[in-house]
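Heads up: the structure comes next, in structure tokens.
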Amino acid sequence: MATPHESSETTDDCSRQAVHEPTISTTQAELLADAVAPEQSLVVNHEDQIAQEVISQTSVLSIRIQQASSRIQQTSSAIEKLYKPVVQGVWKLVWNWMTPPVASSCATGSVALFALAQLIYPPPEVDCEALNQRVSDRVTLSCLQTAIAKGDSEAVLKALNWIGGWEANHPLQNEVQDLLETWSAKVLQAARQHRTAGRPAEAIRLLRYIPHSSPRYTDAWALLQQLRRERDQLEQAIYKDAQVALQQQDWIQASRELWRLQALETEASPTGSAHALTRQIEAEKQAQSLLNQAIQKHSLGEPQYQSEAIAIASQINPNTYVWRSAQSLLDDWSDGLLPVGLQQLEQGNLKEAIVIFRQIARYPNRQAIAQDWLILAQARYLAQTSLEASSSTDLDLALQVGLSPAILTAQSIQPESPRHPQASAHAQQWEQQLVSLQTSAQTLDSTNATLWPETQYQPTFVNMQSRSNRP
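The numbering used here applies: residue 21 is where the sequence shown begins, and numbers increase by one.
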């Protein structure tokens with residue numbers, strides 16, 4: 021940075037230089053301008069001459085160009101007139117010859133481009149969750165392969181079941197043989213695991229999916245037969261345990277055995293054992309319920325209730341274990357009630373006797389004995405009703421409805437029956453009474469004929485006949 025002293029010195033030096041520079045006067049400037057002016061005018065004239073020469077040469081060149089252009093146009097028109105038909109004919113010939121190859125090449129190229137696009141760009145993804153019957157078998161197979169690759173075990177069974185429905189000449193039959201062997205091997209392994217774990221029904225269910233066309237079908241069939249034999253043996257053991265439980269009326273244990281049987285069966289190959297055991301348990305429970313009702317009714321002590329108890333117990337299914345225990349009770353009840361019915365029969369209480377005998381006859385073990393007593397009681401009741409009505413004015417009705425059916429009923433008892441002599445005696449007695457009543461009826465008819473002779477009605481009959489003959 022300069023000091024104030026240095027700056028002042030610099031200013032003084034500049035002022036001194038300005039004072040010592042020479043100055044030009046006005047007269048000198050005018051003389052200088054007059055000397056330069058002629059030279060400038062000479063330069064301007066020379067430039068104008070050059071410009072005029074350039075313009076003249078340019079005009080001459082343009083004229084020559086126009087002349088050449090007109091000559092070229094004339095020449096081209098002449099050439100066009102001369103060669104245009106020839107060129108058109110050549111082009112027409114070339115076009116007619118090249119059109120089919122060019123069109124074929126374009127079509128081939130388009131197909132090639134489309135095929136290349138199909139190879140380069142992947143096809144649209146198929147929604148395997150919404151497959152329908154219109155998709156090809158290859159698409160379905162691809163979807164199943166994808167599902168199996170993801171670990172879907174049900175897809176393996178679905179694929180085996182689907183391929184098993186193919187015909188022998190299916191286009192993909194040879195292609196899927198390796199897949200069939202792989203998938204069948206998986207199913208075989210799973211079936212063996214279920215067999216080891218004590219689940220033969222599940223193993224049988226899996227093996228049934230392996231189709232006949234599978235390379236592993238022979239192994240699957242052999243294992244399936246072995247599993248069925250094991251299942252049958254196990255079913256027999258379970259069924260035997262269930263029968264013991266039913267004999268002891270242990271319904272809980274019987275139900276447990278039923279559940280074991282149901283676990284052994286499959287929907288594809290049911291044996292029917294579980295269904296049969298279910299019906300047997302229901303029959304045993306119903307039989308036990310009837311027996312309980314009969315015991316309760318018989319405990320009331322009256323003959324009427326005792327006969328009802330026998331009727332209720334007689335409804336028990338004879339194929340049940342309860343029936344075996346109920347038979348001894350029914351024997352005792354029937355043997356105790358039969359004398360009561362005989363007593364009612366001897367006392368003439370035929371309706372009460374018929375009710376008791378009818379209830380006892382429903383029990384198969386006492387049916388033969390009670391049936392004969394029942395027939396005899398019914399015959400006596402019909403005869404008694406007929407004889408009581410014989411004193412009334414409706415004698416014909418009493419004869420036809422009461423006494424004659426009573427005789428026929430008594431005669432229906434077989435000769436080998438212990439009741440046959442007694443029934444025959446009653447029948448002979450009723451036949452005699454029937455003859456007596458018929459004689460009385462004939463006497464009554466003749467008496468009525470005497471009291472009301474036919475001539476008494478003849479005038480009226482003649483009068484009616486004459487009226488009917490009038491026009």
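Note that the Cβ used here is the ideal one computed from N, Cα and C, for glycine as well. The structure displayed is predicted, hence computed values, not measured ones.
I need the DSSP call for W186, collapsed to helix, strand or coil. coil
Flag this pair as yes or no: are the beta carbons of A240 and L227 separated by less than 8 Å? yes
If you draw a straight line from the C-alpha of S406 to the C-alpha of Q431, how long is it? 17 Å
Going straight from the alpha carbon of L200 to that of L244, what length do you get? 18 Å
Where does S319 sit, in a helix, a strand or coil, going by DSSP? coil
Which class does H295 belong to by DSSP, given the choice of helix, strand or coil? helix
Under 8 Å, do Q197 and P231 count as touching if we go by C-beta distance? no
Give a yes or no on whether the C-beta atoms belonging to A265 and A274 are separated by under 8 Å. yes
Would you decide whether P191 is buried or exposed? Buried here means 16 or more other CB atoms lie within 10 Å of its CB. exposed
Below 8 Å CB to CB, which residues in the same chain sit around S354 once its five sequence neighbours on both sides are set aside? I330, I380, Y383, N385, R386, A390
Can you have a look at L284 and say buried or exposed, based on whether 16 or more other CB atoms are within 10 angstroms of its CB? buried
If distances are taken between C-alpha atoms only, which option among Q306, R84, A388 comes closest to R11? This structure cannot settle anything about residue 11, because the visible part of the chain is limited to 21 through 491.
Is it buried or exposed, V176, if we count other Cβ atoms within 10 angstroms and call 16 or more buried? buried
Whole-angstrom distance between S437 and H446, CA atom to CA atom: 15 Å
Less than 8 Å separating the beta-carbons of A333 and L357? no
Taking Cβ to Cβ, would you say A397 is nearer than 8 Å to A426? no
Going by the CB atoms, is the gap between P323 and I272 shorter than 8 Å? no
CA-to-CA distance, S90 to S97, given in whole angstroms: 11 Å
Exposed unless 16 or more other CB atoms sit within 10 angstroms - verdict on T340: buried
Counted within 10 angstroms of its Cβ, other Cβ atoms place A346 as buried (16 or more) or exposed: buried
Between A135 and Q282, what straight-line distance do the alpha-carbon atoms span, to the nearest angstrom? 59 Å
Leaving out the 5 sequence neighbours to the left and right, which residues in its chain are closer than 6 Å to R249 when beta-carbon positions are compared? none
Beta carbon proximity, A388 to chain B, threshold 8 Å: In the displayed structure, chain B is absent; only one protein chain is listed.
Just verifying my parser: in three-state terms, what is the DSSP assignment at T202? helix
Would DSSP call K101 helix, strand or coil? helix
Beta-carbon separation (whole angstroms), A294 vs N337, contact threshold 8 Å: Not a contact, Cβ separation roughly 20 Å.
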